[in-house]
Structure formats: C-alpha cells, structure tokens
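In terms of our numbering, the sequence shown opens at residue 38 and continues consecutively.
Shown next, in structure tokens, is the structure this report addresses.
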Amino acid sequence: MDAVWCEVDVEALAANVATFRRLVGEDVLLAPAVKGGAYGHGLLLAARAFLRGGADWLCVHQIEEVRALRQAGINAPIQLLGPVLLADLAEAVALDARLVVYNPETIDRLAALGQPARLHLKIETGNHRQGLEHEAALALAARIAKAPGLALEGVSSHFANIEDTTDHRYARQQLARFEATVEALRAAGHAVPIRHLSNSAAALLWPDRCFEMVRIGVAGYGLWPSKETRVAAALAGRGDIALQPALTWKTRIAQLKTVPEGAFIGYGCTYMTTHRTRLAILPVGYYDGYDRGLSNLAHVLIRGRRAPVRGRICMNLTMVDVTDVPDAALEDEVVLLGAQGDEVIAAEQLGDWAGTINYEVVTRIGGHLPRVPVCGAAVSAPADAVYRAPRR
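So, in structure tokens, the structure goes:
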C-alpha cells in the first residue's frame, strides 16, 4: 500500500479527446501533449488512454519520452517538440520521431545520416522561443528540399498569449504571420501537408482555424488553460464545453495528536493554535510536489470535509487541523487534489494559493509517486499496471 499516490481517470482522458473531436471535426488530427510526464498524469498511462479515446498523434518534448513510448509498443506518430542534440539525431530518426527543426546544423547532420526523416519547420510568429523568422524559414525549407531523404511534413508555430487574455488581437497577428509564411513556402514550391498552430486554448476558441492538426495540452487532462479562456469560450457560445479533470492526488493520515492552545506548529513557528487542536500528520511534503507556498493556506479533504494546513509544509510531512473532523482516524484517505464527497479541491485553487498556474500544480507532482489508472471511482487495472516513472 502506498502512502502517497495519484489516481488517474482514464475514461476522463478519453472523454476529453472525444470533446475535442466533436469541436474540431473528423478531418483534424488530434495530437495530445504527453510531455512533462503527461502533465504529471503518467506518460504511458495517459498516452494509451488518449489513443484509446481517438487521438491520432502524441507530442513529447524529449527523446527519452519517445524512447519510452516506443519501448512500450506505442507506434502512433510522435511529434518531438523539444530540441534534439546533434549526437541524438540518429536515434530520433530510428525511433521515427517527427522532428521540429529550425537549425541548419540539424538539417546537415540529418542529411549526412542518409536516413529518411519527416520534419516540421518551426516558424517564429511572436512567441520568440524556438522558430525562424519568415526569410530564415524559407531558407531552411530550401535546405531541406535539397537533402535526399528529408521530407518537410509539417509547419508549426505557437501562440504567445491566446490563453492569457480575452483580447486576441496579438494572437490574430500571429495567425496572420503563420499563414503568410505558409503561403510563401507553398509559392516557393514546398508542399506543407500538415499545418499546426493551435494549442488547447486556440482549439477551444477558434475550432475552425485548427488547420490539419491541433496540439492538445492541458485541456486534454480536463483543466482549462485559464479563467480567461473559459470566459472567452462562453462569450463565443461554447460555455457548455465540459472538460473532465482526470487526476486525484491522495495520501493517508500517518498520526493523530492533540495540542494545547498556544502551541506552535512546524518549522519557523509560523502558526500558533488559538484553541485546543487536533492535528493530523500527513506523509507528504514539498519533495513530493506539495508546494511549500501552500503553507497556512491550503486545505485537504478528509471524510468529505475540509481540513486546513497548519504551519509550514515540510520536505516529507504536512500538518492539518482536523478539529472539525472528529471522526478522522489513522490511515484515513486524504485528498490533496480532487474530489471527496461534495467537496472539491481543484488544481486552479491550489495554484491560486501557491501563486502559480494549474499546469505547474499537476506537473510538479513527484514522478516517484505511483499513478494508478481508474475508471471513474473504480480501479481499472491490477497493481502491475500502476505507472511509476523510470529512474534515471
């Protein structure tokens, strides 16, 4: 029995893919991002659930993720979004990863390998991370065209702030830049079979502008990209979109104790009890991803009731006040993130308490913790199906 673990609702993951399928139609490829340990949900578990739900491609950031997926027998097309070192290109090609390219050195090394490779040219449209400006993109496309075995399969870019505001003028400028560069590539004789610019927010807001493929990010896990995206979707008449959060993070009560009024709790003596207080000690802390910024702010759920965190969250332990949960007992199940009874602690609420975003809340949950696949409230697989991140 694990003291701290996550349950991942595979039916919810599949349902979220189905939601996007209804939104963008049958002709658009769906490519959920499973980078970052599938946003903390477990790489293999999430990848399989997405594919069962109708996803066409998968997106990752590192070659190690491609390797793990292929070793697990997953043969779907995989877009490798992140940089690949020149020394790793041969393996990436052997794994049939679709590479995102923007460096001439990458093209030259791939050409020297003499192996077929399908490439996606990254265009700079205003996010100023990876990618090439208009003229440089045309030049790299010409370089690809001259290299035997290399094929320009796609062209991509990434929105900078479409999810951060309800004013999408900048996003429309990016869209226009993207379309202009694609048009110039085609005018120069380059086929561009797959265009992909849309992330979760763009697909939710502009489902008719997803081109040939959409990269589904955080929304695939049932989390809205932002409050602004949710408002903008409602204003666009899509307020009925139902995303299903898939992850519940749990632990158990390791000890119960009663302390007197005026007792200091935890490191730094940051909390002093104002009455005789019953405490539950939980075997989870910031090592596990339970942010220290939640100290004296967050709640957990025990027996369907909220119990506030008292004192500083420690590396491996957290103290909560269960005075108002008188029937709390040793080894009771505790929900750190998710639902219990009629109460819910959402990733967005944890993010607000910790001063961050829901993306970071879920991706920072420790990879050492098991991810247990469930269907709704029922465990859907035997213990040997539990996903644990590989140790490096």
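Cβ atoms here follow ideal geometry from the backbone N, Cα and C, with glycine treated the same way.
Asked: Do A269 and L242 have their C-beta atoms closer together than 8 Å?; Found: yes
Asked: Report the start-end ranges of each beta strand (DSSP E) in the region 109-188 that is 3 residues or longer and not cut off at the edges.; Found: 115-117, 134-138, 154-159
Asked: Since H157 and V138 should fall inside the 8 Å C-beta cutoff, what is the C-beta to C-beta distance between them, to a whole number of angstroms?; Found: 7 Å
Asked: Go ahead and pull the three-state DSSP assignment for V47.; Found: helix
Asked: Sorted by chain position, which residues of the same chain lie with C-beta nearer than 8 Å to Y323's C-beta, five sequence neighbours on each side aside?; Found: R329, I350, C351, M352
Asked: Find out if the Cβ-Cβ distance for the pair L66, V103 is shorter than 8 Å.; Found: no
Asked: Taking its Cβ as the centre, do 16 or more other Cβ atoms sit within 10 Å of P69, making it buried, or is it exposed?; Found: buried
Asked: What do you get for M250, buried or exposed, if any count of 16 or more other CB atoms within 10 angstroms of its CB means buried?; Found: buried
Asked: Run the CB neighbour count on R206, radius 10 Å, all protein chains shown included, and call it buried at 16 or more, exposed below.; Found: exposed
Asked: Just list the residues that DSSP pairs K287 with in beta bridges.; Found: W42, V372
Asked: Evaluate E220 with the Cβ neighbour count: other Cβ atoms within 10 Å of its Cβ, from every protein chain shown; 16 or more gives buried, anything less gives exposed.; Found: exposed
Asked: Between the Cα of A148 and the Cα atoms of E370, V372, I181, which residue gives the shortest distance?; Found: I181
Asked: If you draw a straight line from the C-alpha of E397 to the C-alpha of G388, how long is it?; Found: 8 Å
Asked: A317 lies in the beta strand (DSSP E); which residues open and close that run?; Found: 314-319
Asked: Pick out the complete alpha helix (DSSP H) segments inside the region 214-260, 4 residues or longer, and give them in chain order.; Found: 237-242
Asked: How many angstroms separate the CA atom of V381 from the CA atom of S332?; Found: 19 Å
Asked: Please list, in chain order, all residues of the same chain as M38 whose beta carbon is under 7 Å from its beta carbon, the five residues on each side excluded.; Found: none
Asked: In this structure, how does DSSP classify F57 when only helix, strand and coil are distinguished?; Found: helix
Asked: Helix, strand or coil for A273, going by three-state DSSP, please let me know.; Found: coil
Asked: For I290, which option in Y304, V409, V362 has the closest C-alpha, if you only look at C-alpha atoms?; Found: V362
Asked: Within its chain, find whatever has a CB closer than 7 Å to the CB of C247; leave out the 5 residues flanking it on each side and keep chain order.; Found: V61, V65, S235, A240
Asked: Unbroken alpha helix (DSSP H) runs of length 4 or more, entirely within the region 333-407: which are they?; Found: 384-391, 395-400
Asked: D46 to V411, Cα distance in whole Å?; Found: 5 Å
Asked: Quick one: what's got a C-beta closer than 7 Å to V192's C-beta in the same chain, skipping five residues either side?; Found: H157, L158, I160, V219, L222, V229, R232
Asked: Output the distance between the C-alpha atoms of L189 and A176, rounded to the nearest integer angstrom.; Found: 13 Å
Asked: Can you find the residues in the same chain that come closer than 8 Å, C-beta to C-beta, to A273, ignoring five residues on each side of it along the sequence?; Found: L242
Asked: Under 8 Å between the Cβ atoms of G305 and P282?; Found: no
Asked: Which value, in whole angstroms, describes the spacing of the CA atoms of P244 and A279?; Found: 15 Å
Asked: In angstroms, rounded to a whole number, what distance separates the CA positions of C43 and T266?; Found: 27 Å
Asked: I302 by DSSP, collapsed to three states: which one?; Found: strand
Asked: Helix, strand or coil for T266? Go by DSSP, reduced to three states.; Found: helix
Asked: Under 6 Å Cβ to Cβ from K72, same chain only, skipping five residues before and after it: list those, please.; Found: V97, H98
Asked: Compare the Cα-Cα distances from T203 to each of D145, R347, S263 and report the closest residue.; Found: S263
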